[in-house]
DNA sequence: AATTAAATTTAGACAAAACTAAAAATAGAT
DNA sequence: ATCTATTTTTAGTTTTGTCTAAATTTAATT
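Residue numbers (my numbering), protein chains in the order written: chain A, 3 to 233; chain B, 3 to 233.
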């Protein structure tokens with residue numbers, strides 16, 4: 003390979019693996035200059051701590067993370083920027099899959115994991131435009147703008163809402179396939195109106211009104227559903 | 003990695019590099035049980051013959067190519083099937099980029115080279131459906147169906163058409179960026195009606211009527227434009 | 001048929017990204 | 001403050017896909 007390309011690769015071009023590390027570190031909170039341990043990263047990525055150490059050095063070399071031996075890693079400004087651009091792509095592709103290709107929300111993650119690594123600024127900007135610049139992905143998570151800004155929605159876990167409070171379902175905390183499939187089966191979707199009718203002290207289960215219909219849900223479920231309170 | 007996965011990887015899962023080799027061998031004619039030399043493949047892929055030899059062995063091991071030392075490679079049935087599925091994805095993505103995201107036809111190839119490797123049968127079938135099952139890509143090349151069938155259109159190079167013959171521009175032979183940009187600049191597009199008015203013996207240039215307007219084009223251009231003759 | 005030129009393969013090396021096992025550093029508990 | 005358990009790093013190995021240089025085979029020419 004040409005010398006110039008070796009240089010570019012070493013300092014500018016991101017590999018898929020590097021992008022995945024940055025994304026994981028961001029999700030573990032490494033964007034707030036908090037140090038994330040190699041163990042935590044390894045566990046999240048289902049890899050070994052020694053592999054994380056290797057990558058930490060490489061990312062530090064590129065100026066994407068701060069890495070101090072035995073002290074874990076945190077993202078630099080440049081690292082945050084890069085992580086957000088990958089998360090932006092991931093979430094926009096998820097919206098695309100649901101809105102334009104009728105994927106169900108439990109199917110999108112795996113495919114978006116691949117699509118997020120496609121390198122073309124024009125492509126993702128056009129997808130953004132096609133979707134009319136959505137602010138949230140199918141799980142209710144906010145989509146960063148092109149310049150890396152995004153706003154977490156003012157939301158509460160359903161399990162923490164007061165009796166008689168009303169709101170709209172805006173997101174999920176657990177976005178695993180089994181949970182999403184459960185919600186589908188029980189016809190619970192983002193945008194649904196919710197009113198808390200009653201709480202059962204014994205098992206913390208809830209009686210709620212969902213789009214007018216009265217149903218009962220367990221604490222497990224209620225503590226993984228985000229609701230935006232009506233003012 | 004688990005033993006099962008090693009097995010899957012060795013015999014079933016395709017890497018990006020393997021897919022690119024299969025595609026190249028197909029494009030060089032290796033689908034018609036014709037032997038393609040390692041040199042030809044290396045040149046096309048801008049790599050070295052020794053690298054091709056390595057890959058030839060691996061693909062043979064997977065049953066995707068027939069490889070005899072010093073004799074070159076040809077695709078097996080399984081290899082053709084795989085190559086066609088990659089070409090199908092490439093061409094469908096090209097249509098998507100042009101039709102849905104307003105890419106110009108000289109911009110699509112590079113991005114489609116990445117998108118063709120996304121692994122999701124559902125994704126590409128849904129894209130196919132969204133595009134209403136197109137038969138040709140933006141350069142006029144046929145898109146294989148899901149079961150690997152495709153029909154080359156009955157077409158002729160513009161340079162080979164008789165004087166006074168009429169037809170419709172249906173494809174390009176050279177799909178390089180400079181040529182496509184040239185066509186754009188001169189407002190020559192697929193679907194345009196064409197009538198050959200006159201041939202210049204001296205330099206083989208043509209006088210043609212394009213969508214009613216009379217223009218002159220060089221032999222270079224005419225021998226890279228495909229036309230479907232009107233019956 | 002022998003010789004030479006070209007094409008192809010082998011052998012050995014490298015970089016990326018992972019791993020294992022062993023060594024080193026840190027943190028917690030007494 | 002020391003010892004121990006845990007965490008983290010180092011060192012060395014593996015796999016994939018590439019490369020160079022050397023060796024081998026094929027093809028072409030006389």
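Using N, Cα and C, we set each Cβ at its ideal position, and we do this for glycine too.
Exercise. What is the rounded straight-line gap between the Cα of residue 93 of chain A and the Cα of residue 100 of chain A?
Worked result: Indexing the first chain from 1 puts residue 93 of chain A at position 91. Indexing the first chain from 1 puts residue 100 of chain A at position 98. Computed Cα separation, rounded: 11 Å.
Exercise. Among all the DSSP beta bridges, which residues are the ones paired with residue 205 of chain A?
Worked result: For the purposes of this step, residue 205 of chain A is taken as the residue at position 203 of the first chain. DSSP, once it has assigned bridges, lists no residue as partnering residue 205 of chain A.
Exercise. From the beta carbon of residue 110 of chain A, is the nearest beta carbon of chain B less than 8 Å away?
Worked result: By 1-based counting over the first chain, the position of residue 110 of chain A is 108. Judged by the 8 Å Cβ criterion, residue 110 of chain A is not in contact with chain B.
For this session: Quick one: list the residues of chain B neighbouring residue 120 of chain A, beta-carbon separation under 9 Å, in chain order.
Result: What you label residue 120 of chain A is simply residue 118 of the first chain in a count that begins at 1. The contacting residues are 113, 116, 117 and 120.
Exercise. In terms of DSSP beta bridges, what is residue 200 of chain A paired with?
Worked result: Taking the first residue of the first chain as 1, we reach residue 200 of chain A at position 198. The partner list for residue 200 of chain A (beta bridge, DSSP) reads A/209.
Exercise. Around the C-beta of residue 104 of chain A, are 16 or more other C-beta atoms found within 10 angstroms, so that it is buried, or is it exposed?
Worked result: Start at 1 with the first residue of the first chain, and residue 104 of chain A comes out as number 102. Looking at its Cβ environment, which holds fewer than 16 other Cβ atoms inside 10 Å, residue 104 of chain A is exposed.
Exercise. If you draw a straight line from the alpha carbon of residue 66 of chain A to that of residue 24 of chain B, how long is it in whole angstroms?
Worked result: Here residue 66 of chain A refers to the residue found at position 64 when the first chain is read from its first residue. Here residue 24 of chain B refers to the residue found at position 22 when the second chain is read from its first residue. Each residue's Cα considered, the two are about 36 Å apart.
Exercise. Using the beta-carbon of each residue, which ones in chain B are nearer than 8 Å to residue 102 of chain A?
Worked result: Within the first chain, the letter at position 100 stands for residue 102 of chain A. Near residue 102 of chain A (Cβ distances below 8 Å), the residues of chain B are 132.
For this session: Could you tell me how far apart the beta carbons of residue 144 of chain A and residue 154 of chain A are, in whole angstroms, since I believe they sit closer than 8 Å?
Result: The count along the first chain starts at 1 and reaches residue 144 of chain A at position 142. The count along the first chain starts at 1 and reaches residue 154 of chain A at position 152. Indeed they touch by this definition, with Cβ atoms about 6 Å apart.
Exercise. Between A/131, A/72 and A/161, which lies nearest to residue 91 of chain A when the distance is taken from Cα to Cα?
Worked result: Position 89 of the first chain holds residue 91 of chain A. Closest by alpha carbon: A/131.
For this session: List the endpoints of the continuous beta strand (DSSP E) containing residue 227 of chain A.
Result: Numbered from its first residue, the first chain carries residue 227 of chain A at position 225. Residues 227-231.
Exercise. So residue 215 of chain B is in the beta strand (DSSP E); what residue range does that whole segment cover?
Worked result: Start at 1 with the first residue of the second chain, and residue 215 of chain B comes out as number 213. Where residue 215 of chain B is concerned, the enclosing beta strand (DSSP E) stretches over 215-219.
For this session: Determine the chain B residues that contact residue 128 of chain A at a beta-carbon separation under 9 Å, and present them in chain order.
Result: Reading the first chain from its first residue, position 126 is the one you call residue 128 of chain A. Under the 9 Å cutoff, chain B gives 99, 102, 103, 104 and 105.
Exercise. What separation, rounded to the nearest whole angstrom, lies between the Cα atoms of residue 133 of chain B and residue 96 of chain B?
Worked result: Indexing the second chain from 1 puts residue 133 of chain B at position 131. Indexing the second chain from 1 puts residue 96 of chain B at position 94. Cα to Cα, residue 133 of chain B sits roughly 11 Å from residue 96 of chain B.
For this session: Run through the stretch 71-135 of chain A for me and flag every whole beta strand (DSSP E) of 3 or more residues, listed as ranges in chain order.
Result: 74-77
Exercise. At least one CB of chain B closer than 8 Å to the CB of residue 125 of chain A: is that the case?
Worked result: Taking the first residue of the first chain as position 1, residue 125 of chain A is located at position 123. Yes, its Cβ sits closer than 8 Å to a Cβ of chain B.
Problem set entry | Span of the alpha helix (DSSP H), counted from its first residue to its last, around residue 55 of chain A | Residue mapping note: residue 55 of chain A aligns to position 53 of the first chain, counting from 1. Segment 51-63, the alpha helix (DSSP H) holding residue 55 of chain A.
Exercise. When you compare each of B/15, B/33 and B/48 to residue 63 of chain B by their alpha carbons, which one comes out closest?
Worked result: Translated into the one-based positions of the second chain, residue 63 of chain B becomes position 61. Taking only the C-alpha atoms, the option nearest residue 63 of chain B is B/15.
Exercise. If we call anything under 8 Å between Cβ atoms a contact, is residue 188 of chain B one with residue 213 of chain B?
Worked result: The count along the second chain starts at 1 and reaches residue 188 of chain B at position 186. The count along the second chain starts at 1 and reaches residue 213 of chain B at position 211. Contact flag unset, no.
Exercise. By Cβ distance, which residues of its chain are closer than 7 Å to residue 13 of chain A, with the 5 residues on each side in sequence left out?
Worked result: Counting from 1 along the first chain, the entry for residue 13 of chain A is found at position 11. Once the five neighbours on either side are set aside, the close Cβ partners of residue 13 of chain A are 64.
Exercise. Which residues in the same chain as residue 84 of chain B place their Cβ atom closer than 8 Å to its Cβ, once the five residues preceding and following it in sequence are excluded?
Worked result: As a position in the second chain, residue 84 of chain B is number 82, starting the count at 1. Counting only Cβ-Cβ distances below 8 Å, and skipping sequence neighbours, we find 16, 21, 24 and 66.
Problem set entry | Counted within 10 angstroms of its Cβ, other Cβ atoms place residue 109 of chain B as buried (16 or more) or exposed | For the purposes of this step, residue 109 of chain B is identified with residue 107 of the second chain, where counting begins at 1. Flag for residue 109 of chain B reads buried.
Exercise. Start and end of the alpha helix (DSSP H) containing residue 26 of chain A?
Worked result: For this step, residue 26 of chain A is matched to residue 24 along the first chain. That run of the alpha helix (DSSP H) goes 18-29.
Problem set entry | Member of A/89, A/220, A/26 and A/44 whose CA lies at the smallest distance from the CA of residue 151 of chain A | One-based indexing of the first chain puts residue 151 of chain A at position 149. The shortest Cα separation from residue 151 of chain A among A/89, A/220, A/26 and A/44 belongs to A/89.
Problem set entry | Segment limits, alpha helix (DSSP H) that includes residue 40 of chain B | For the purposes of this step, residue 40 of chain B is identified with residue 38 of the second chain, where counting begins at 1. Counting along the chain, the alpha helix (DSSP H) containing residue 40 of chain B begins and ends at 40-47.
Exercise. Do residue 32 of chain A and residue 76 of chain A come within 8 Å of each other at the CB atom, strictly closer than that value?
Worked result: Against the first chain, residue 76 of chain A aligns to sequence position 74. Against the first chain, residue 32 of chain A aligns to sequence position 30. Yes, the Cβ-Cβ distance between residue 76 of chain A and residue 32 of chain A is below 8 Å.
Exercise. From what residue to what residue does the beta strand (DSSP E) around residue 168 of chain B run?
Worked result: To locate residue 168 of chain B, count along the second chain from 1; it is residue 166. Note, residue 168 of chain B: beta strand (DSSP E), 168-174.
Problem set entry | For residue 159 of chain A: DSSP bridge partner residues | Your numbering for residue 159 of chain A matches position 157 in the first chain. Answer is A/228.
Exercise. Does the beta-carbon distance from residue 174 of chain A to residue 181 of chain A come in below 8 Å?
Worked result: To locate residue 174 of chain A, count along the first chain from 1; it is residue 172. To locate residue 181 of chain A, count along the first chain from 1; it is residue 179. Yes, these two residues count as a Cβ contact at 8 Å.
Exercise. If you draw a straight line from the C-alpha of residue 114 of chain A to the C-alpha of residue 127 of chain A, how long is it?
Worked result: Working through the first chain from its first residue, we reach residue 114 of chain A at position 112. Working through the first chain from its first residue, we reach residue 127 of chain A at position 125. If you take the alpha carbons of residue 114 of chain A and residue 127 of chain A, they lie about 16 Å apart.
For this session: Identify every residue that forms a DSSP beta bridge with residue 138 of chain A.
Result: As a position in the first chain, residue 138 of chain A is number 136, starting the count at 1. Answer is A/144.
Exercise. By Cβ distance below 6 Å, which residues in the same chain neighbour residue 58 of chain A in space, the five residues on each side in sequence not counted?
Worked result: The sequence position of residue 58 of chain A within the first chain is 56, counting from 1. So the list reads 69 and 75, once near-sequence residues are dropped.
Exercise. Residue 181 of chain A lies in the alpha helix (DSSP H); which residues open and close that run?
Worked result: Your numbering for residue 181 of chain A matches position 179 in the first chain. Note, residue 181 of chain A: alpha helix (DSSP H), 179-187.
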